[in-house]
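Report on the following structure.
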Amino acid sequence: MATRYGWQKSSFSGEGNACLYLAATEAIHLRESDAPNIIITATPRRLRRLISSIKSGALDRPTR
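For the sequence shown, full-length UniProt numbering begins at 1 and goes up steadily by one.
Here is the structure:
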């Protein structure tokens, strides 16, 4: 049986197929409109850490 989430479109998403959707249960679930069967799931704490790392540039590749 497939799990059904109450998906919400991100307010930062535009029109068309470049949309990010999220759903919240005990975890946070993310998917893109062009690949709806691929769902990333994280706890709120780990998602917060990932977003902080992205914003700070900690995950950027060094330039050559």
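Beta carbons: idealized from backbone N, C-alpha and C, even for Gly.
Residues near residue i in its chain [Cβ-Cβ closer than 8 Å; skip 5 each side]
i, result
"Ala27", "Thr41, Ala42, Thr43, Pro44"
6 Å Cβ shell around residue i - same chain, five flanking residues per side excluded
i, result
"Ile54", "none"
"Leu47", "Ile28"
Sheet register partners of residue i (DSSP bridge)
i, result
"Thr41", "His29"
"Ala35", "Glu32"
Check whether residue i and residue j have beta carbons under 7 Å apart
i, j, result
"Ile39", "His29", "yes"
Given residue i as reference, the closest of the options once Cα atoms are compared
i, options, result
"Phe24", "Leu59, Ser10, Ser52", "The sequence given here places Ala at residue 24; Phe does not occur at that position. Comparing Cα-Cα distances from Ala24 to each of Leu59, Ser10, Ser52, the minimum goes to Ser10."
"residue 106", "Ala35, Leu59, Gly57, Leu22", "Outside the modelled stretch of the chain, which goes from 1 to 64, sits residue 106, for which no answer is possible."
"Asp34", "Thr63, Gly57, Asn17", "Asn17"
"Arg31", "Ser56, Leu50, Tyr5", "Tyr5"
Contacts around residue i, its chain only, beta-carbon distance under 7 Å, and the 5 residues preceding and following it disregarded
i, result
"Asp13", "A small correction: the amino acid at residue 13 is Ser; Asp does not occupy that position in the sequence shown. Correct list, in chain order: Cys19, Leu20."
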